[in-house]
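To start, the structure itself, in structure tokens.
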Amino acid sequence: MELTSLERDMLAGEHGEGTALAMKVQVGTGRAFYAKRMVPITRAHVAASAQEGDVYFVTKLVDLGARCLVSPTTNPSMDLAYVDDHLSSLTGEGRARVEASNEAYRRIGATLTLSCTPELEKNVPSFGEVVAFSESSATPYVNSVLGARSNRESSISALCAAVTGRVPEYGYLLDENRRAEILVEVEAKVDDDFDWSLLGYAYPQKYKGAEVPVFTGIDKRPTPEGFLQFGAELATSGAVAMYHVAGITPEAPTVAAALGGNAVKERVTITDADLDRVREQFSGEPGPIEYAMLGCPHLTIRQVGEIAALVNGKRLAVDTWILVSSLTRELAERMGYLSVIHRAGGHVVADTCMDIPGCWDTYYGRPGVTESQKCAFYCQVYGQRYAVRPLAQAIQAALTGEVVK
Amino acid sequence: MSELEYACRPISEGAGEGEALLSTDALCFALCEPDTGCVLEKGHCLDGRSVAGRILVMPTGKGSSVVQADGLYRLIIKGTAPAAVIIQTPEPVLVSTIIAMEVPLVDTVDPAFYDEVEDGDHIRVDAVAGSVVLTKASAATDEGDA
Numbered sequence: 001m002e003l004t005s006l007e008r009d010m011l012a013g014e015h016g017e018g019t020a021l022a023m024k025v026q027v028g029t030g031r032a033f034y035a036k037r038m039v040p041i042t043r044a045h046v047a048a049s050a051q052e053g054d055v056y057f058v059t060k061l062v063d064l065g066a067r068c069l070v071s072p073t074t075n076p077s078m079d080l081a082y083v084d085d086h087l088s089s090l091t092g093e094g095r096a097r098v099e100a101s102n103e104a105y106r107r108i109g110a111t112l113t114l115s116c117t118p119e120l121e122k123n124v125p126s127f128g129e130v131v132a133f134s135e136s137s138a139t140p141y142v143n144s145v146l147g148a149r150s151n152r153e154s155s156i157s158a159l160c161a162a163v164t165g166r167v168p169e170y171g172y173l174l175d176e177n178r179r180a181e182i183l184v185e186v187e188a189k190v191d192d193d194f195d196w197s198l199l200g201y202a203y204p205q206k207y208k209g210a211e212v213p214v215f216t217g218i219d220k221r222p223t224p225e226g227f228l229q230f231g232a233e234l235a236t237s238g239a240v241a242m243y244h245v246a247g248i249t250p251e252a253p254t255v256a257a258a259l260g261g262n263a264v265k266e267r268v269t270i271t272d273a274d275l276d277r278v279r280e281q282f283s284g285e286p287g288p289i290e291y292a293m294l295g296c297p298h299l300t301i302r303q304v305g306e307i308a309a310l311v312n313g314k315r316l317a318v319d320t321w322i323l324v325s326s327l328t329r330e331l332a333e334r335m336g337y338l339s340v341i342h343r344a345g346g347h348v349v350a351d352t353c354m355d356i357p358g359c360w361d362t363y364y365g366r367p368g369v370t371e372s373q374k375c376a377f378y379c380q381v382y383g384q385r386y387a388v389r390p391l392a393q394a395i396q397a398a399l400t401g402e403v404v405k
Numbered sequence: 406m407s408e409l410e411y412a413c414r415p416i417s418e419g420a421g422e423g424e425a426l427l428s429t430d431a432l433c434f435a436l437c438e439p440d441t442g443c444v445l446e447k448g449h450c451l452d453g454r455s456v457a458g459r460i461l462v463m464p465t466g467k468g469s470s471v472v473q474a475d476g477l478y479r480l481i482i483k484g485t486a487p488a489a490v491i492i493q494t495p496e497p498v499l500v501s502t503i504i505a506m507e508v509p510l511v512d513t514v515d516p517a518f519y520d521e522v523e524d525g526d527h528i529r530v531d532a533v534a535g536s537v538v539l540t541k542a543s544a545a546t547d548e549g550d551a
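Residue numbers (our numbering), protein chains in the order written: chain A, 1 to 405; chain B, 406 to 551.
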């Protein structure tokens, strides 16, 4: 890989050891992908978390003197004060980790948005813009729905990009790698946001490769939330960070445009039975639940409004956690949704992720309901037994305290 | 015991040796139990088997951008991380995580390696010079029988 004199200096430690370490990770990654050079970025999003591995790396970088050239937005951690008051007080190592994470990201020069949906608010890339976005649900959205250009960055590589202000040029930064190779014929009925999440989970089960797919047979544009959940599940079930939906996404006015001259390498058909299989895989056991965990990725103001309408004047039977960005929580307050949900006994909490060790220990090993296959998948490791249901059905379960088949 | 040596491309520098653990599925380290290194993912071809100290041979990585790093870090501090990883196709999250966490990683191993290697064979990975040295687990027995 050819480096400029500035990049060589960064790698050699002329800009401090922290910047050198960031550059080492990026150059190593660039070489792995045969990148010829590095290119500047104008935005970054770091999937920061209060998880041990992440705190270890950001602390190491900042202690070595690294500072961000491009201030990245950050993923959620947890609202310590809110969780203290309403669930349990995080103590010891867990609390120290949350505080250390916020402190380290502040010191390195990140913007602490603490939300996993930066591409919907506060850090929205334009068509063609080269960016470094980690957060596996954000990257497909940025590439596919907005037409900006990001590789599937890890929290680590995105942070390194924010520090050095550049990324190795490979993968989805190059025109030829953004063109589709896999033709996906969707015969299944895909109507609502939940159908999109099922489709997102189902596709990598049928085709395991990471080549760019173009989905056809979709005639109705999904909502932003539908796109968001689709991308989240594509990246949970597989490693797809770029897709096209013919006639809908910006680089795919037609199937031929999406293919851009590529031959179709494989045809994949997705039927109702494929979606039903995913539905069944995540359906959980019918019966009592002890909590509802909603917002992986963070719910939008529209979804919070829907929840408010469903619980208005009622009482939730189980602990109900609605995870959102701080902006969405502020809007929910202005719109009166917050009061409605509070009166029903629910919680709308900002800045918080469902996968923060220590935060949700109360629910480990316990049955709950969620709207997200991604949440259910990653929380297996804590023994949390989730039934996954469309949002309205999940709220219904929270109101009655049980999930039905 | 005969050793078979194959060329490869170093991605994350270092060296490691141990028993081969072959996976036909991509792996996310967050779905490994940190105390034992055992894979917890239902339906994964390694479900219930431990990556600890092994030379993990797999197609590529998968999983969300945060959990891969955290998962690998937890394995490292518990001493249950793989000794080295051999992949067929680089994947950005896996590659950047492994470089940052300083686990040896190589790819583009001579295709002949994949014809020979089996679970339990001894492998030595040199992710500086770029070599993979394979000692068949069955070799000692075969020679004894002869």
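We treat Cβ as the ideally placed atom computed from N, Cα and C, and that holds for glycine.
CA-to-CA distance, residue j to residue i, given in whole angstroms
i: A/M10; j: A/R106; result: 22 Å
i: A/H244; j: A/T271; result: 18 Å
i: B/S407; j: B/V530; result: 16 Å
i: A/A394; j: A/L80; result: 26 Å
i: A/I322; j: A/R37; result: 43 Å
i: A/S137; j: A/A100; result: 25 Å
i: A/A96; j: A/Q51; result: 11 Å
i: A/G345; j: A/A376; result: 23 Å
i: A/V214; j: B/A412; result: 36 Å
i: A/M23; j: A/C68; result: 12 Å
i: A/A263; j: B/A489; result: 36 Å
i: B/P495; j: A/F33; result: 7 Å
i: A/W196; j: A/F227; result: 7 Å
i: A/S157; j: A/L173; result: 15 Å
i: A/N143; j: A/V255; result: 17 Å
i: A/G231; j: A/P357; result: 24 Å
i: A/L120; j: B/V537; result: 46 Å
i: A/Y378; j: B/A435; result: 8 Å
i: A/M293; j: A/L146; result: 28 Å
i: A/Q281; j: A/E225; result: 22 Å
i: A/Q205; j: A/T4; result: 42 Å
i: A/F57; j: B/A505; result: 8 Å
i: B/L477; j: B/R454; result: 16 Å
i: B/H527; j: B/S543; result: 10 Å
Spatial neighbours of residue i in its chain, beta-carbon cut-off 6 Å, leaving aside the 5 residues before and after
i: A/E211; result: E181 and I182
i: A/V167; result: I41, A132 and A161
i: B/L427; result: V462 and D524
i: A/Y291; result: V318, D319, Y363 and G368
i: A/V55; result: R97, A100 and S101
Cβ shell of residue i (< 7 Å), same chain only, five flanking positions each side left out
i: B/K483; result: P439 and D440
i: A/R389; result: V369, E371, A397 and V403
i: A/Y423; result: With chain A running from 1 to 405 in the structure shown, residue 423 of chain A is simply not present.
Three-state secondary structure assigned by DSSP to residue i
i: B/M506; result: coil
i: A/G305; result: helix
i: A/W321; result: strand
i: A/E153; result: coil
i: B/P516; result: helix
i: A/F230; result: helix
i: B/D531; result: strand
i: B/E548; result: Residue placement at B/E548 is flagged as unreliable, the pLDDT there being 47, under the threshold of 50; the coordinate-derived value follows with that caveat. Reduced to three states, the DSSP call for B/E548 is helix.
i: A/Y335; result: Note on residue identity: the sequence assigns Met, not Tyr, to residue 335 of chain A. The answer is helix: DSSP assigns A/M335 an H, G or I state.
With 16 other Cβ atoms within 10 Å as the buried cut-off, status of residue i
i: B/D524; result: exposed
i: A/K189; result: exposed
i: A/V39; result: exposed
i: A/L316; result: buried
i: A/T91; result: exposed
i: B/D550; result: Residue confidence for B/D550 is low, a pLDDT of 43 falling below 50, so the modelled location carries little weight; the figure read from the coordinates is stated next. Exposed: under 16 other Cβ atoms inside 10 Å.
i: B/K467; result: buried
i: B/S501; result: buried
i: B/V456; result: buried
i: A/D361; result: exposed
i: B/E548; result: Bear in mind that the predicted position of B/E548 carries a pLDDT of just 47, short of 50, making it unreliable; the figure below should be weighed with that in mind. Exposed, since its Cβ has fewer than 16 Cβ neighbours within 10 Å.
i: A/A258; result: buried
i: B/C450; result: exposed
Neighbourhood of residue i by C-beta distance below 8 Å, restricted to the same chain and skipping five residues each side
i: A/V62; result: G18, A104, R107 and I108
Cβ-heavy atom distance, residue i to the ligand ZN, below 7 Å
i: A/E290; result: For the structure depicted, the ligand ZN is absent and the ligand set is empty, with no information on it obtainable.
- Can at least three beta-carbon pairs, one atom from the stretch 413 to 424 of chain B and one from the stretch 439 to 456 of chain B, be found at a separation below 8 Å? no
- Message: Could you check whether the stretch 267 to 282 of chain A touches the stretch 318 to 337 of chain A, counting it as contact only if at least three pairs of C-beta atoms, one from each stretch, sit closer than 8 Å?
- Response: no
- Item | Validate contact between the stretch 223 to 240 of chain A and the stretch 135 to 155 of chain A using beta carbons, cut 8 Å, 3 pairs | yes
- Query: Can you find at least 3 beta carbon pairs, one from the stretch 301 to 309 of chain A and one from the stretch 376 to 390 of chain A, that sit closer than 8 Å?
  - Reply: no
- At least three beta-carbon pairs within less than 8 Å, the stretch 323 to 331 of chain A to the stretch 114 to 127 of chain A: The stretch 323 to 331 of chain A makes contact with the stretch 114 to 127 of chain A, as at least three CB pairs between them are under 8 Å.
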